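Student: For the sequence shown, UniProt numbering gives the first residue as 1, with consecutive numbering after it. Quick reminder that beta carbons are idealized off the backbone N, C-alpha and C, glycines included. Please read all numbers here as calculations on a predicted model, not as lab measurements. Dumping the structure here so I can ask a few things about it.
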Amino acid sequence: MTILLTPRLRLEPLDDRHLDGLHEVNRDPEVMRYITGRPDTLADTQRMIDKVKSRWAEFGYSWWGFIRREDGAFIGSGCIQHLNRDPAGPLETGWRLRRDAWGQGYASEAARHMVGWAFATLKPERVCAVCDPANAASSTVMERLGMQFTGIGRWYDMDCKRYDITAREWEASAAKTSYDAEA
């Protein structure tokens, strides 16, 4: 399983040792507002970790925990996975952060590295991301990655905005340049 290092974060494949940190993120109604619309129970978070572990075993990628390097704090998580959990779908990136980590560039930093890793390792034609249309912060991160808005669709049982970036666009993007400089 792959560990990614960014200037400020260590991205570790999620497993049982991340349960408490991930649950702290997932139980916050504000964090989950645009994801599921409700806070997770501890059992919900454990089910997520169990699914993630099986996806790491099956695909060699899934969700990482974001560990702040300066103090070892679990501040969020993010993924490379198949859109709508359909192996026939394109690869998708996504993220969630503890509220006290919002607005500090962690999502963009982690996303650059997850997307860079996906293009370098898995060699997909494109990577996409989706979010609730009202989630302006996530849309901003997608745009910082060089992703282009492609429309509204139905994924994860909700209407979402979709953004895509092709491998060719990634090669020319400022986000890729930042990823290469930091890797």
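Please specify which runs of the beta strand (DSSP E), each continuous and at least 3 residues long, are wholly inside the segment 96 to 128, giving them in chain order.
Tutor: Those beta strand (DSSP E) runs which fall completely within the segment 96 to 128 and span 3+ residues do not exist here.
Student: Who are the near neighbours of H59 in its chain, counting only those whose CB is closer than 6 Å to its CB and skipping five residues on each side?
Tutor: It is worth fixing the name first, because residue 59 is Phe in this sequence and not His. Excluding residues within five positions, none has a Cβ falling inside 6 Å.
Student: Hey, how far is the Cα of D157 from the Cα of A88?
Tutor: Distance between the alpha carbons of D157 and A88: 18 Å.
Student: In terms of alpha-carbon separation, which member of S77, R144 and G72 lies closest to L14?
Tutor: Comparing Cα-Cα distances from L14 to each of S77, R144 and G72, the minimum goes to S77.
Student: Quick one: what's G21 bridged to in DSSP?
Tutor: In DSSP, G21 forms no bridge with anything.
Student: Compare the Cα-Cα distances from I75 to each of K51, M1, R144 and L19 and report the closest residue.
Tutor: With distances taken between Cα atoms, I75 lies closest to L19.
Student: Grouping DSSP H, G and I as helix and E and B as strand, with all else coil, what is L83?
Tutor: It is helical.
Student: Measure the alpha-carbon distance for D164 versus V141 and round it to whole angstroms.
Tutor: Approximately 12 Å, taken between the alpha carbons.
Student: Enumerate in chain order the residues of its own chain whose CB-to-CB distance from R69 is below 7 Å, with the five nearest sequence positions on each side excluded.
Tutor: Correct list, in chain order: R8, L9 and R10.
Student: Give me the residue from A101, L83, C160 and D28 with the minimum Cα distance to A134.
Tutor: Checking every option, the nearest Cα to that of A134 belongs to C160.
Student: May I have the straight-line CA-CA distance separating R139 from F66, to the nearest angstrom?
Tutor: Reading off the sequence, residue 139 comes out as Ser, not Arg. The alpha-carbon atoms of S139 and F66 are separated by roughly 20 Å.
Student: Give the secondary structure of D164 by DSSP, where H, G and I count as helix, E and B as strand, and everything else as coil.
Tutor: DSSP places D164 in strand when its eight states are reduced to three.
Student: Could you name the residues that DSSP lists as bridge partners for D159?
Tutor: For D159, which the question treats as bridged, DSSP gives the partners R154.
Student: Since L91 and W155 are thought to touch, with beta carbons under 8 Å apart, how far apart are those beta carbons, to the nearest angstrom?
Tutor: The pair is not a contact, with the Cβ atoms about 13 Å apart (cut-off 8 Å).
Student: Tell me the DSSP secondary structure of L9 in three-state form.
Tutor: Looking at L9 - three-state DSSP - the assignment turns out to be strand.
Student: Quick one: what's got a C-beta closer than 7 Å to A110's C-beta in the same chain, skipping five residues either side?
Tutor: For A110, where only same-chain residues beyond five positions count, the Cβ hits under 7 Å are T6, L9, L11, F66, G78 and W95.
Student: Between Q148, G116 and F149, which lies nearest to A175 when the distance is taken from Cα to Cα?
Tutor: The candidate whose alpha carbon is nearest that of A175 is G116.
Student: Using a Cβ-Cβ cutoff of less than 6 Å, which residues in the same chain neighbour F119 once the five nearest sequence positions on both sides are dropped?
Tutor: Cβ within range, chain order: A167 and W170.
Student: Going by the DSSP bridge assignment, what does G76 pair with across the sheet?
Tutor: Answer by DSSP bridge pairing, in chain order: F66 and L97.
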